[in-house]
Amino acid sequence: MTDSTSDAPAAPATTAARTSQTPPPASPQATTSPKTQTPPEATRDSTASPTQTSPGPSAAPATPATRAGPVARTVPPEIDLETAGEPGPIEPNDVASATDDDGLTIDDRLSTYTESLTSSVIDYPEEFGRRYHAYRPGSYNFPNDEGESDRLDLFHSMVVKTIGYRLFLAPVDPGRTHRILDVGTGTGIWAIEAAELFPDAEIYGNDLSAIQPGWVPPNVRFEIDDVESTWMDDRSYDFIHSRYMACSLKDWPTYIRRVYDALNPNGWAEFSDMSVLYGCDDGTLKEEHALMKWDRLFMEACDKLGTEHSPGPKLDAWVRQQPYRNVRSYHFKIPLGPWAKDPHNQDLGWNNLAQTIDGLDAFTLKLFIGVLGWTREEVIVLLAQVRKELKSRPFAFHAHIDWYVVYGQKVVAEKN
């Protein structure tokens with residue numbers, strides 16, 4: 001994990017190292033979809049320290065639950081947010097079939113894993129057998145149906161676990177945080193969980209689609225809007241959270257400046273996103289793999305649309321180009337599949353594999369058919385090849401996603 005700083009104060013205890021530390025006491029499950037029941041309380045890893053420290057305001061509001069699925073609940077590895085450096089290679093499991101002793105297939109395991117986690121504006125059109133948003137059609141090229149909602153909740157679970165079972169990393173002061181904005185809120189799961197951490201704050205979530213649940217905490221409000229049009233409203237915020245906007249925006253520098261302008265003095269903004277180009281530490285992922293063919297074509301389609309497919313590595317530079325102060329940057333690796341030796345990375349790998357396989361149709365159909373001119377049959381053949389690679393045992397490759405988190409503060413000099 002990379003940690004890059006600029007005028008950064010010492011991080012408060014609320015975002016301190018994430019192991020040798022018992023996770024927060026059990027409460028409603030942070031990584032559970034709002035559509036599913038909370039699983040039973042976790043059984044802690046036997047190697048974890050019994051010492052417990054406060055998770056602070058950025059911690060997710062609950063202990064992750066034990067799953068009856070492929071990998072038992074694990075404590076994340078030690079990452080000191082103050083001293084972390086460039087993330088090292090993820091060590092693969094030297095026994096390819098180490099988790100195959102129960103005879104379950106990859107599909108069996110994924111099914112168990114996901115089950116355990118888990119007006120004109122809403123007159124949604126259907127294309128390629130999937131439902132899409134109606135507000136400003138064409139500005140977002142992925143579905144908004146139930147299947148995609150479930151995948152987005154899986155993705156949320158994965159990111160929360162990746163950053164230490166926290167909802168964010170910025171040192172936000174709950175006592176001074178009265179209004180929060182979650183940009184591109186999707187299913188609203190982040191905003192709903194943030195409401196538990198900030199019960200006295202107004203929390204707004206915006207998106208192009210109204211796919212959020214009807215029953216939400218009283219301090220949460222969802223709105224339909226396009227963040228690349230004229231800025232949404234004249235409200236100002238103490239904290240603005242922006243996550244997983246890859247392939248959605250065309251002008252990131254302007255967007256990041258608009259976020260800055262919408263902050264109250266001393267407010268914080270946090271941007272977290274990915275590189276769509278899969279990484280691999282040991283050279284096992286080759287250009288001839290179907291996954292890499294799909295990846296390159298996906299990026300080509302985004303380029304033709306003018307949307308940024310890999311904002312993650314560029315976030316730090318974009319934020320520093322604006323007047324933000326106290327900028328901090330972090331880099332994480334998320335395995336694609338349960339090939340890692342470390343139990344926590346195995347769990348992340350299952351999570352990532354589940355959301356990737358669930359999302360392949362959503363990621364591909366409209367872009368490949370509508371932008372690249374492929375036939376539906378050609379898409380089906382390529383995706384079948386990708387799924388075969390992802391489900392192969394032993395694992396065909398040791399791929400990972402690179403995930404980046406950057407936050408900064410709007411510091412305004414006091415007038416004499």
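First residue of the sequence shown? That's 1 in full-length UniProt numbering, and the numbers climb one at a time after it. The C-beta atom is built at its ideal place from N, Cα and C for all residues, glycine as well. Small disclaimer: the values here were computed from a predicted structure and weren't measured.
Within its chain, find whatever has a CB closer than 7 Å to the CB of residue i; leave out the 5 residues flanking it on each side and keep chain order.
i           : result
residue 201 : 177, 178, 179, 180, 219
residue 339 : 92, 93, 349, 395, 398
residue 235 : 179
residue 345 : 90, 335
Let me confirm a value: residue i is counted as buried when at least 16 other C-beta atoms fall within 10 Å, else exposed. Which label applies?
i           : result
residue 321 : exposed
residue 384 : exposed
residue 65  : Unreliable placement is indicated for residue 65, whose pLDDT of 32 sits below 50; no coordinate value is reported for it.
residue 215 : exposed
residue 107 : exposed
residue 311 : buried
residue 262 : buried
residue 114 : At residue 114 the pLDDT is 48, less than 50, meaning the model places this residue with poor confidence; the figure from the coordinates comes in the next sentence. Under this definition residue 114 is a buried residue.
residue 243 : buried
residue 413 : exposed
residue 366 : buried
residue 252 : buried
residue 402 : buried
residue 303 : exposed
Taking 6 Å as the limit between beta carbons, can you name the residues of its chain near residue i, skipping five residues before and five after?
i           : result
residue 372 : 301
residue 60  : Low confidence applies here, because residue 60 scores a pLDDT of 45, under 50, leaving its location unreliable; read the following figure in that light. Once the five neighbours on either side are set aside, the close Cβ partners of residue 60 are 30, 160, 165, 166, 167.
residue 199 : none
residue 284 : 397, 398
residue 203 : 180, 191, 194, 195, 219, 220
residue 154 : 354, 355
residue 313 : 275
residue 223 : 206
residue 409 : 268, 325, 326
residue 411 : 325
residue 315 : 271, 404, 406
residue 375 : none
residue 481 : Residue 481 lies beyond the range of the chain shown here (1 to 416); nothing can be said about it.
Pick out whichever of the options has its Cα sitting closest to the Cα of residue i.
i           : options            : result
residue 272 : 162, 149, 148      : 162
residue 352 : 257, 337, 403      : 337
residue 406 : 264, 297, 324, 278 : 324
residue 331 : 156, 169, 147      : 169
residue 418 : 329, 286, 366, 152 : No answer is possible for residue 418: it lies beyond the span of the chain, which begins at 1 and ends at 416.
residue 217 : 189, 299, 412      : 189
residue 264 : 374, 346, 237      : 237
Return yes when the Cβ of residue j is within less than 8 Å of the Cβ of residue i, no when it is not.
i           : j           : result
residue 269 : residue 260 : yes
residue 185 : residue 249 : no
residue 246 : residue 227 : no
residue 492 : residue 197 : There is simply no residue 492 to check, as the chain begins at 1 and stops at 416 in what is shown.
residue 334 : residue 241 : no
residue 282 : residue 89  : yes
residue 368 : residue 291 : no
Using a Cβ-Cβ cutoff of less than 8 Å, which residues in the same chain neighbour residue i once the five nearest sequence positions on both sides are dropped?
i           : result
residue 317 : none
residue 295 : 276, 277, 278
residue 280 : 397, 398, 399, 400
residue 257 : 322
residue 289 : 389, 396, 397
residue 158 : 334, 348, 351, 352, 355
residue 299 : 276, 277, 309, 310
residue 286 : 292, 397
I believe residue i touches residue j by the beta-carbon criterion, under 8 Å. Please report the beta-carbon distance rounded to the nearest angstrom.
i           : j           : result
residue 364 : residue 379 : 6 Å
residue 239 : residue 205 : At roughly 13 Å, the Cβ-Cβ gap does not stay under 8 Å, so residue 239 and residue 205 are not in contact.
residue 151 : residue 370 : Contact doesn't hold; Cβ gap of about 20 Å is too wide.
Please decide whether residue i counts as near chain C, where near means a Cβ-Cβ distance under 8 Å.
i           : result
residue 178 : Going by chain labels, chain C is absent from the structure shown, which holds only one protein chain.
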